[in-house]
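Note sheet for the following structure.
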Amino acid sequence: MKILLIFALFSPLLTSIISGFYGYRIKRIFVGWICTFSIFFSFIFFLILYLNPLEFEILLYNWMNSPFNINFSLIKDKLSSLMALIVSGVSFIVHLYSIYYMKNDEGYVRFFSYLNLFVFFMLLLTLSGNLIIMFIGWEGVGLCSYLLISYWYKKESASKAGVKAFVVNKIGDVFFIFGIISILFFLKNLNFYEIKNLINYVPIEILKFSGICLFIGAIGKSAQFPLYIWLPDAMEGPTPVSALIHAATMVTAGVYMILRLSFLYLLIPDISFFISLMGSFTAFYSALCALKEDDLKRILAYSTISQLGYMFAGAGIYIYGKSFFHLLNHAFFKALLFLVAGIIIHSLKEEMNIKKMGNLKKLKYSNILFLIGALSLSGIPPFGSYFSKEGIVSESIKEPLIYLILTITSFLTSLYIFRAYFIIFYGEEKTEIHEENKKLLSAPIILGIFSILSSFLNYKGNIEKIFFKENSHPNTIFISFIPLIFSTIGILTAWKFYYKKEIEEKGFIFELVENKFYFDKILSTHFVKFLYKISEIFEKFIENGIIEGTINGIGKLNIYLSKILISFQKGSARFYLKVFFTFLFFLLIFYLLKFV
């Protein structure tokens, strides 16, 4: 079993290296299939591992034992194996889609090399046995995200979006490092099992500091408020990248980290409540932002931010099982929506503005698949997302403020996604529509089936049983149906306003929402200007003053000393003997003084 885990992990890395260095020597389509089959084999191996109840740890390399115990290890347990299964499964489907979606792109080989490299780092993060390996995977997926967002690097907006994502993520990464260091300083160990066993010996103040630092790292990686601003711009990358990295896998890394360290957050309830509050606010805020967004991919980006907020909200009030279950459901239906969006955009010659679309019900398969994704996102039964989303909202009743925010967000979620659906497929036709590419349909169809049947993943509550504590709250049938009622009202409101066309999106409120409450603009102007001022000060006093001053001073000191030493190089034996005996005399005096 251990050898299966190693092969499943390193197979994407191997094909990434091969395709990157040697892919240009073979037919391009073969590169796509080689990379895709490597992910498929990983998926099969992880399926075998998931079905095997054996849990184990693999020590790859022991770095140091003293003063800190740090090693490179992998773990296979129920949490890591199921997450790896989802990552590899969705990755395989997106790879299958990408073979035809990217076939005319000049960087086809480079694209698959980057994509497989990302899958390797995401699997490394998932299977990590300690915080060091997790951090390597964490940074690796961030690097690959940058490479894939700015994949079309000749396009200025794509290059800027890649840099923006990289820089914003680094803010969170700095705090993530602080969290790791604080744990390492007190426990001398970063292994997850060891941390769990020793955590009760750590002062509660240190646990709070570590918990909040790690959570800030998760805010950056999982695009939560206020570090969410990179994700909508990340839609500059190819659509398969948006489906895989910025919907189904990388952005869930922060949630996965919180779930992996759930034993830590159980000991710091005030920090956990803050996580839940931030998650619920982000869910609400991002749903509002999506309401007046016209770019199809950006609507789905804000939707991703909002759904990640649901997961954090659930994790913060110890509904770990439902949060993880929603993570799995979200991987299916959000990847589905992105892939269908790619088909729509292709059919309209790369048009992304929904206001310039309309009457696309001619794309009958895309219509049905987008509807499945929209219903799943809205949490309508019998889709699996109903059971996860409803579970989070209804069990949050123990925290009335969280419950109220998430319930209202259920209404907004249905409203914005069906606003897009009715405008795209039943609005007035405004542009020439080309036939949908049938070769691109197989991947979304598979995801659509999984979106419908994903409830069976939690058969007999097996996902809840993964975690250390599932603090369930007994709910009445009425409380359980309230989120569904709000979601249904959202759909009916969208039908009335956008199918019946009984609303004009004008006025102060619409303008405020359209500009995302000006938060991004404020951050991009005032905060960035502030950073520029700080950087100017650092450049003037730190770089030019201290650093360059020190370097130049050392250089001048070296020249001065060399001049002194040159004065000793006279080429005279008599001078050398004189210096030698002078030093010998002083050495003798120093030696004799020891006896005085």
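Its first residue numbered 13, the sequence shown is counted upward by one per residue in the working numbering.
Quick reminder that beta carbons are idealized off the backbone N, C-alpha and C, glycines included.
- Cβ atoms of Val153 and Ala265 come within 8 Å of each other, at about 6 Å.
- Going by beta carbons, Lys233 and Trp150 fall inside the 8 Å limit.
- According to DSSP, residue pairing for Met76 in a beta bridge involves Ile82.
- Contact between Leu340 and Ser422 is absent: CB atoms are separated by about 19 Å, not below the 8 Å threshold.
- Under the three-state reduction of DSSP output, Asn142 falls in the strand class.
- Closest in alpha carbon position to Ala386, among Leu416, Leu375, Ala343 and Ala432, is Ala432.
- Distance between Thr594 and Gly567, taken at the CA atoms: about 30 Å.
- For Trp45, the uninterrupted alpha helix (DSSP H) run begins and ends at Arg40 to Leu63, by DSSP.
- Comparing alpha-carbon positions, the option among Gly35, Leu91, Tyr126 and Glu118 lying closest to Pro24 turns out to be Tyr126.
- The continuous stretches of alpha helix (DSSP H) do not include Gly557, and DSSP gives it neither H nor E.
- By the CB criterion at 8 Å, Ile46 and Thr27 fall inside the cutoff.
- Here Glu411 is buried, its C-beta having at least 16 other C-beta atoms within 10 Å.
- No Cβ-Cβ contact shorter than 8 Å links Tyr438 with Ile311.
- By alpha-carbon distance to Leu452, the top candidate from Met95, Ile563, Ile105 and Gly565 is Ile105.
- Taking Phe53 as the centre and dropping the five residues before and after it, the same chain places the C-beta of Phe19, Ala20 and Ser23 closer than 8 Å to its C-beta, in chain order.
- The C-alpha of Pro250 is placed about 14 Å away from the C-alpha of Leu108.
- For Ile478, there is no enclosing alpha helix (DSSP H), since its DSSP letter is neither H nor E.
- Excluding its 5 nearest sequence neighbours in each direction, Gly174 has C-beta neighbours in its own chain below 7 Å: Tyr158, Ile161 and Ser162, listed in chain order.
- Comparing C-alpha distances from Lys367 to each of Phe382, Phe344 and Phe434 shows the shortest one belongs to Phe434.
- With respect to the 8 Å criterion, Gly229 and Phe275 are not classified as neighbours on the basis of their beta carbons.
- Ranked by Cα distance from Ala325, the options Phe84, Thr294 and Ser574 are led by Thr294.
- In this structure Gly141 is buried. Its beta-carbon is surrounded by 16 or more other beta-carbon atoms within 10 angstroms.
- Taking the Cβ atoms as the reference, Phe345 lies roughly 27 Å from Ser284, outside the contact range of under 8 Å.
- The closest CA to that of Met114, considering only Pro495, Arg40 and Ile98, is found on Arg40.
- Under DSSP, the beta-bridge partners assigned to Asp307 are Asn365.
- When rounded, the separation of the alpha-carbon atoms in Gly370 and Ile148 is 45 Å.
- According to DSSP, Ile87 shares a beta bridge with Glu69.
- By the Cβ test, the stretch 166-185 is not in contact with the stretch 194-209, since fewer than three Cβ pairs between them sit closer than 8 Å.
- Look at the beta carbons and you see the stretch 352-367 not touching the stretch 412-419: under three pairs across the two are nearer than 8 Å.
- Note on geometry: alpha-carbon atoms of Ile60 and Ala96 lie some 12 Å from one another.
- In the three-state reduction of the DSSP assignment, Asn379 falls in the helix class, which pools H, G and I.
- Scanning its chain for C-beta atoms nearer than 6 Å, with the 5 sequence neighbours on each side dropped, one finds around Phe498 the residues Thr419, Ser422 and Phe423, in chain order.
- Between Arg586 and Phe597, the alpha-carbon positions lie close to 16 Å from each other.
- The stretch 29-44 makes no contact with the stretch 84-95; the number of CB pairs closer than 8 Å stays below 3.
- Counting only the Cα atoms, Lys14 lies some 8 Å from Phe68.
- In the DSSP assignment, the residues bridged to Asn203 are Asn142.
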